[in-house]
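Note that our numbering has the sequence shown beginning at 255, numbered continuously upward.
Input: a single structure, listed below in structure tokens.
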Amino acid sequence: MPVDDQNPYDPILFAQRDGRVPAPHNSLEAFEIALKMGATGLESNVWCTADGVPVLHHDRRVGSLIRRRPIDSLARERLPDTVSSLEDLCRRIDTGVALSLNIRESTAVQAVLEVARRHGIVRSLWLCHTDRSVLADIREADRDVTLVHSTRVERIDEGPERMAADLSGMAVHAVKLPEQDWTAGLVALFRRFGLRCLGYDAQHPRQVDRLMALRLDGVYGGHVDRLADGLARRRSGS
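Pasting the structure below:
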């Protein structure tokens, strides 16, 4: 696996939607505050502007309720100042910060990889998608980037074991499931196939604690302080 070894007791704390910090969503300020509060990873959706610049925003559209426009119809310079480009973020954060990006349009992949290569963060990228064929295309484009299959248990028609075998064969590194889907059995199964286990939407302390107890490799939550407190409790054994 190209991902650096990680202590299984010390998961990556991904600030989901930049951790709901006191700053505009997806702004550079928000990402920086999340890291200062204890996040060890950042999460966002990535889109491409009309002039091919990958930007980080959770919605496909920007603007007021009356004049909302798709990001891919606007040049970078026409986006609100609070919308961060991947390039801007790479200049502001340490190269070791895990960056989990949900690929919302396949046209963004090449642009994302080009920026990542320029800044030497390819191995810090966790590129997520629900479609395995898209992940296969990304793997052809780059052999080092970490690939994550985002899904839900109810969508695994072939069963978890068959899916795990397929993902391992495709050189996909991780499975991302919502907090409520994770069980100790699934963690053991996916790890048997060399897959890392990521849990998202852990918003409440009890959810964070549950995923920590399952020893997941990464936990996504919208409250950075709750993630950090959960890790502290895990480390202290309380």
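Virtual Cβ for every residue (Gly too), placed ideally from N, Cα, C.
Owing to the predicted nature of the structure, the values given are computational and were not obtained by experimental measurement.
> In chain order, what residues of the same chain have a beta carbon less than 8 Å from the beta carbon of ARG345, not counting five sequence neighbours either side?
Replying inline: One-based indexing of the sequence shown puts residue 345 at position 91. The answer, listed in chain order, is HIS373.
>> With the cut-off set at 8 Å, would you say ALA395 and VAL363 are in Cβ contact?
In response: The count along the sequence shown starts at 1 and reaches residue 395 at position 141. The count along the sequence shown starts at 1 and reaches residue 363 at position 109. When the beta-carbon positions are compared, ALA395 and VAL363 come within less than 8 Å of each other.
> Is it buried or exposed for LYS430, if we count other Cβ within 10 angstroms and need 16 for buried?
Replying inline: By 1-based counting over the sequence shown, the position of residue 430 is 176. Buried, because 16 or more other Cβ atoms sit within 10 Å of the Cβ of LYS430.
> Does the ligand COA have even one heavy atom less than 7 Å from the beta-carbon of LEU340?
Replying inline: Ligands in the displayed structure: none, and consequently the ligand COA is not present.
> Going by DSSP, which residues form a beta bridge with LEU431?
Replying inline: Translated into the one-based positions of the sequence shown, residue 431 becomes position 177. DSSP lists GLY453 as partners of LEU431.
> Does the distance from the C-beta atom of LEU449 to that of LEU470 stay below 8 Å?
Replying inline: Here residue 449 refers to the residue found at position 195 of the sequence shown. Here residue 470 refers to the residue found at position 216 of the sequence shown. No, these two residues do not count as a Cβ contact at 8 Å.
> What three-state label does DSSP hand PHE447 in the structure shown?
Replying inline: Here the question's residue 447 lines up with position 193 in the sequence shown. If DSSP states are grouped into helix, strand and coil, PHE447 belongs with coil.
> From this set, ASP479, ASP463, GLY475, which residue's C-alpha is nearest SER490's C-alpha?
Replying inline: Start at 1 with the first residue of the sequence shown, and residue 490 comes out as number 236. Of the candidates ASP479, ASP463, GLY475, the one whose C-alpha sits nearest the C-alpha of SER490 is ASP463.
>> My output table needs one value for SER360: the three-state DSSP class, helix, strand or coil.
In response: Locating residue 360 in the sequence shown gives position 106, counting from the first residue. Coil, per DSSP.
>> Quick check: the Cα distance between PRO265 and TRP380, rounded to an integer number of angstroms?
In response: In the sequence shown, counting from the first residue as 1, residue 265 sits at position 11. In the sequence shown, counting from the first residue as 1, residue 380 sits at position 126. C-alpha separation (whole angstroms): 14 Å.
> In the DSSP assignment, what are the bridge partners of ALA352?
Replying inline: Start at 1 with the first residue of the sequence shown, and residue 352 comes out as number 98. In the DSSP output, where bridge partners are listed per residue, ALA352 has GLY295.
> Do the region 409 to 429 and the region 376 to 391 make contact, defined as three or more Cβ pairs closer than 8 Å?
Replying inline: They touch, by the three-pair rule.
> Thinking C-beta only, is LEU443 closer than 8 Å to GLY453?
Replying inline: One-based indexing of the sequence shown puts residue 453 at position 199. One-based indexing of the sequence shown puts residue 443 at position 189. Cβ distance not < 8 Å, so GLY453 and LEU443 don't count as in contact.
> Should ILE357 and VAL388 be called a contact, given that it needs their Cβ atoms to be closer than 8 Å?
Replying inline: Taking the sequence shown and counting its residues from 1, the one referred to as residue 357 is at position 103. Taking the sequence shown and counting its residues from 1, the one referred to as residue 388 is at position 134. Yes; because the gap between Cβ atoms is below 8 Å, this pair is in contact.
>> Looking at ALA293: is its Cβ nearer than 8 Å to the Cβ of VAL478?
In response: Position 39 of the sequence shown, counting from 1, holds the residue named residue 293. Position 224 of the sequence shown, counting from 1, holds the residue named residue 478. It is a contact, given that the beta carbons lie within the stated cut-off.
> When DSSP builds the beta bridges, which residues end up paired with ALA486?
Replying inline: As a working mapping, residue 486 is identified with position 232 in the sequence shown. Answer by DSSP bridge pairing: none, since ALA486 is not bridged.
> Ordered along the chain, which non-local residues of its own chain (more than five positions away) have a Cβ less than 6 Å from that of HIS403?
Replying inline: Here residue 403 corresponds to residue number 149 of the sequence shown, with the count starting at 1. For HIS403, where only same-chain residues beyond five positions count, the Cβ hits under 6 Å are LEU421, VAL426, VAL429.
>> Give me, in chain order, the residues of the same chain whose beta-carbon lies closer than 8 Å to that of GLU286; leave out the 5 immediate sequence neighbours on both sides.
In response: Position 32 of the sequence shown, counting from 1, holds the residue named residue 286. So the qualifying residues of the chain are ARG346, ILE347.
> DSSP puts PHE268 in a beta bridge; with which residues?
Replying inline: Taking the sequence shown and counting its residues from 1, one reaches residue 268 at position 14. In the DSSP assignment, PHE268 forms a beta bridge with GLY295, TYR474.
>> Considering only their Cβ atoms, is the gap separating ALA438 from ASP468 smaller than 8 Å?
In response: Position 214 of the sequence shown holds residue 468. Position 184 of the sequence shown holds residue 438. First, the residue type needs correcting, since residue 468 is Leu and not Asp in the sequence shown. Yes.
>> Judging by CA-CA distance, which residue of PRO459, ASP455, SER339, ALA486 is the nearest neighbour of ALA220?
In response: Shown here, the chain extends from 255 to 492; a query on residue 220 therefore has no answer.
> Would the beta-carbon of PRO459 fall within 8 Å of that of GLY423?
Replying inline: The residue labelled residue 459 in the question sits at position 205 within the sequence shown. The residue labelled residue 423 in the question sits at position 169 within the sequence shown. No, the Cβ-Cβ distance between PRO459 and GLY423 is not below 8 Å.
> Out of curiosity, what's the CA-to-CA distance linking VAL366 and LEU440?
Replying inline: For the purposes of this step, residue 366 is identified with residue 112 of the sequence shown, where counting begins at 1. For the purposes of this step, residue 440 is identified with residue 186 of the sequence shown, where counting begins at 1. Those two C-alpha atoms are separated by around 31 Å.
> Short check: CB of LEU248 to CB of LEU340, under 8 Å?
Replying inline: Any property of residue 248 remains undetermined from this structure, which presents the chain solely from 255 to 492.
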